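Participant: Dropping the structure in here first, questions after.
There are 2 protein chains.
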Amino acid sequence: MNAPDAALICRALGDTNRLQIVELLTNGEQCACKLLEHFSITQPTLSHHIKILSECGLLDSRREGVRTFYSLNCETLREFRKYIAALECSC
Amino acid sequence: MNAPDAALICRALGDTNRLQIVELLTNGEQCACKLLEHFSITQPTLSHHIKILSECGLLDSRREGVRTFYSLNCETLREFRKYIAALECSC
DNA sequence: CCGCTAAATAGATGGCCGTCTATAAAAATT
DNA sequence: AATTTTTATAGACGGCCATCTATTTAGCGG
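Protein chains in written order, with the numbering used here: chain A, 13 to 103; chain B, 13 to 103.
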């Protein structure tokens, strides 16, 4: 992963609500309706945040009837963790 | 480190120029005049980016005569790496 | 077919962001 | 004291962002 891609992901994670969405999905997939319960934002705003996280490859989605379940994209997350882990102090 | 603090740092790293500043400082401290050579932005813009990185605790500074040398704050960086490393896929 | 639930889209709004030019401040040198 | 170098600050501007309300789309059950 290079700097522009990593910056894109950082920007996506640079909002407390979105970072908490990722934290929640750490425990496994959840539908948007369940995610919404954890926040004090409207449904369209949550949908907007989900879109931003999806567009940079952090989220996968799976439809099941009327619900859509979202989960973390393991590969993108792994590459991003690797990039951040490489940012080490020289001391 | 909690979500709001991590989001603040992510926002600071969510710009390619700023992420590259951090990458450069991985190799040790540098003065702003040296950092500037690596970018195609003006000096005030670089100063602005440095300020944002400093305000979230990522950068330390040390003055030496007319120059100011910037370096990574090891502790902040370590805590942030730890936070990101904890964002793991459930699969 | 209708109504209900879940999610996305459209459009608006206020605010923050990245960048610039111009200027100031601080330190060293002549 | 004047000049040069390095960095910070002020102010402006265009654009993007987070959020909202209103509406639409999609699937399911009666």
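Where is the CB? At the ideal position from N, CA and C, for every residue including glycine. Remember, predicted model here, so these are calculated numbers, not experimental data.
Hey, B/I64 and B/R30 are a contact pair by Cβ (cut 8 Å); roughly how many whole angstroms apart?
Facilitator: For the purposes of this step, residue 64 of chain B is taken as the residue at position 52 of the second sequence. For the purposes of this step, residue 30 of chain B is taken as the residue at position 18 of the second sequence. About 7 Å separates the two Cβ atoms, so the contact holds.
Participant: Comparing C-alpha positions only, which one of A/C101, A/C103, A/R90 and A/S102 sits nearest to A/A18?
Facilitator: Translated into the one-based positions of the first sequence, residue 18 of chain A becomes position 6. If we check each option's Cα against that of A/A18, A/R90 comes out closest.
Participant: What are the start and end residues of the alpha helix (DSSP H) that includes A/T88?
Facilitator: Residue numbering aside, residue 88 of chain A sits at position 76 when the first sequence is read from its first letter. Looking at the DSSP string, the run of the alpha helix (DSSP H) that includes A/T88 is C86 to A97.
Participant: Would DSSP call A/D27 helix, strand or coil?
Facilitator: Start at 1 with the first residue of the first sequence, and residue 27 of chain A comes out as number 15. Three-state result, A/D27: coil.
Participant: Where do the ends of the beta strand (DSSP E) carrying A/T71 lie?
Facilitator: Counting from 1 along the first sequence, the entry for residue 71 of chain A is found at position 59. A small fix is needed here, since residue 71 of chain A is Leu in this sequence, not Thr. Where A/L71 is concerned, the enclosing beta strand (DSSP E) stretches over L71 to E76.
Participant: Which chain A residues sit within Cβ distance under 8 Å of B/T28?
Facilitator: Start at 1 with the first residue of the second sequence, and residue 28 of chain B comes out as number 16. By Cβ distance, chain A contributes A15, P16 and A19.
Participant: Please classify B/G26 as buried or exposed, where buried requires at least 16 neighbouring CB atoms within 10 angstroms.
Facilitator: Along the second sequence, read from residue 1 onward, the residue named residue 26 of chain B stands at position 14. It is buried - the Cβ of B/G26 has at least 16 other Cβ atoms within 10 Å.
Participant: Nearest to A/E103 by alpha carbon, out of B/L36, B/L70 and B/N85?
Facilitator: Counted from its first residue, the first sequence places residue 103 of chain A at position 91. The residue you asked about is not Glu; residue 103 of chain A is Cys in the sequence shown. Here the closest residue by C-alpha is B/N85.
Participant: Can you check which of these residues, B/A15, B/R74 and B/Y82, is closest to B/V34 by C-alpha distance?
Facilitator: Numbered from 1 along the second sequence, position 22 holds the residue referred to as residue 34 of chain B. Per the Cα distances, B/Y82.
Participant: Excluding the five sequence neighbours on either side, which residues of its own chain have a C-beta within less than 7 Å of the C-beta of B/L36, listed in chain order?
Facilitator: As a first step, residue 36 of chain B is located in the second sequence; it is residue number 24 there, counting from the start. Excluding sequence neighbours, B/L36 sits near Q42, L47 and H50.
Participant: Leaving aside the five residues before and after B/C68 along the sequence, list all residues of the same chain whose C-beta is less than 7 Å from its C-beta, in chain order.
Facilitator: Translated into the one-based positions of the second sequence, residue 68 of chain B becomes position 56. L20, I21 and A24, listed in sequence order.
Participant: Between B/E100 and A/G40, what straight-line distance do the alpha-carbon atoms span, to the nearest angstrom?
Facilitator: Along the second sequence, one-based indexing puts residue 100 of chain B at 88. Along the first sequence, one-based indexing puts residue 40 of chain A at 28. Looking at the two C-alpha atoms, the distance is approximately 10 Å.
Participant: Determine the chain A residues that contact B/A44 at a beta-carbon separation under 7 Å, and present them in chain order.
Facilitator: Residue 44 of chain B sits at position 32 when you count from the first residue of the second sequence. The premise fails here: B/A44 is roughly 18 Å from chain A at the closest Cβ pair, so nothing lies under 7 Å.
Participant: Between A/A98 and B/T28, is the Cβ-Cβ spacing less than 8 Å?
Facilitator: By 1-based counting over the first sequence, the position of residue 98 of chain A is 86. By 1-based counting over the second sequence, the position of residue 28 of chain B is 16. Cβ atoms of A/A98 and B/T28: not closer than 8 Å.
Participant: What are the start and end residues of the alpha helix (DSSP H) that includes A/C103?
Facilitator: As a first step, residue 103 of chain A is located in the first sequence; it is residue number 91 there, counting from the start. From DSSP, A/C103 is part of no alpha helix (DSSP H); its letter is neither H nor E.
Participant: What is the rounded straight-line gap between the Cα of A/D72 and the Cα of B/R75?
Facilitator: Taking the first residue of the first sequence as 1, we reach residue 72 of chain A at position 60. Taking the first residue of the second sequence as 1, we reach residue 75 of chain B at position 63. Rounded to whole angstroms, A/D72 to B/R75 spans 47 Å at the Cα level.
Participant: Report the neighbours of B/G40 on chain A: residues whose CB is nearer than 9 Å to its CB, in chain order.
Facilitator: Position 28 of the second sequence, counted from the start, is the residue given in the question as residue 40 of chain B. Result: S102 and C103.
Participant: Can you tell which of B/Y95, B/C45 and B/K94 has its C-alpha closest to the C-alpha of B/V78?
Facilitator: Here the question's residue 78 of chain B lines up with position 66 in the second sequence. Closest by alpha carbon: B/C45.
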